[in-house]
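Enquirer: Mind having a look at this structure? Questions to follow.
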Amino acid sequence: MSGFVYCKDPDVNCAKSIGDVDAAFCAVDKFIDASALEKISQNLCGITTYVVAPAKPPDARRNVLALTFAAIIAQELGLELADNIFQYPRAKRDRNGNFVFRIANAPEFFGDIVANADYVVVDDVLTYGGTLAGLRAYIECNGGRVICMSTLAGNPPGEEQIAVTPSSIASLSRMEGGKLNEFFLEVLGYGLDCFTEREAGKLRSLLQKEWKKNFSLDFLRKRILRERHEAATG
């Protein structure tokens, strides 16, 4: 489903802004893709499998759409719902499409992972893929295994490459005097190999177009620090 159509839906807006659970169920019913369910089922390996969404703790949660999507997938496929894994409610990334804001304020997670269990990671919409990638990394670093990921909507809709490709890493590594990887390791704590394919593509586009005339690594450093400050104080 196209994210442009999806974001204008009244049930989606009620589920994401005021935590209306009934609206969330209506939205998932409208936008869930039967073929996506079939593809998820094809990845199941016959062992205990959990469906997990990047939900914030109940006392800080306003957007209930992703968790509702996870619950419905679990019910439809006879899987377990992992409702004890949460995203720290620090930066307000939801509905913030600002690329620098999103990489400056990477999501962090907490909660118990079942060792050697399989996980299906879902979210309501795909922006740059950073939230999905962050949750996958958290699960796999704590002993779980992510077998697939799915969202209700995306721009464009359809199957998506989440992990950054070697060609994208190589392309970015040739830019800015070959200093980008070292820069991100210093400022973000991870290098180009931890970007998603969409993040890499957006960064490359900004460097080639919007930022081309006046770009410097110091400029980007200041932008990242500013976005972190605004997230912390906003």
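In this text, residue positions in the sequence shown follow the numbering used here: the first is 7, and each later residue adds one. Glycine included, each C-beta is placed from N, C-alpha and C at the ideal position.
1. Using beta carbons (cut-off 8 Å, strictly below), is Cys13 in contact with chain D?
2. Are at least three pairs of beta-carbons, each pair with one atom in the stretch 195-212 and one in the stretch 100-118, less than 8 Å apart?
3. Output needed for Ala33: all residues of its chain with C-beta closer than 7 Å, excluding positions within five of it in sequence on either side, in chain order.
4. When we look at the beta-carbon of Pro60 and count the other beta-carbons within 10 Å, is it buried (16 or more) or exposed?
5. Is any non-hydrogen atom of the ligand GTP found closer than 7 Å to the C-beta of Glu236, if you look at the structure I gave you?
6. Just to confirm the assignment, what range does the beta strand (DSSP E) spanning Leu5 have?
7. Going by Cα to Cα distance, which pick from Pro95, Tyr56 and Asp65 is closest to Gly84?
8. Taking the continuous alpha helix (DSSP H) assigned at Gly207, which residues delimit it?
9. In whole angstroms, what separates the C-alpha of Tyr134 from that of Gly52?
10. Residues bridged to Ile109 by DSSP?
11. Note down the Cα distance separating Met181 from Ile91, rounded to an integer number of angstroms.
12. Looking only at DSSP bridge pairs, what is Gly84 linked to?
13. Are Cys154 and Asn220 close, meaning C-beta to C-beta below 8 Å?
14. Considering only the alpha carbon of each residue, which of Leu158, Ala159, Phe189 and Pro113 lies closest to Arg142?
15. So what's Tyr12 in DSSP terms, helix, strand or just coil?
16. Classify Ala121 as helix, strand or coil using the three-state DSSP reduction.
17. Check whether the Cβ atoms of Leu138 and Val127 lie closer than 8 Å to each other.
18. If I follow the unbroken alpha helix (DSSP H) through Phe225, where does it start and stop?
19. Start and end of the beta strand (DSSP E) containing Thr55?
Expert: Taking the coordinates as given:
1. Looking for chain D here will not work: only one protein chain is present.
2. yes
3. Asp15, Asp17, Val18, Ala21 and Leu71
4. buried
5. Within the structure as shown, the ligand GTP is missing, as the structure has no ligands at all.
6. What is shown of the chain runs 7 to 240, which leaves residue 5 out entirely.
7. Tyr56
8. Glu203 to Gln214
9. 31 Å
10. Paired residues: none, contrary to the question.
11. 38 Å
12. Answer is none; Gly84 lacks a bridge partner.
13. no
14. Taking only the C-alpha atoms, the option nearest Arg142 is Pro113.
15. helix
16. coil
17. yes
18. Leu223 to Thr239
19. Thr55 to Val58
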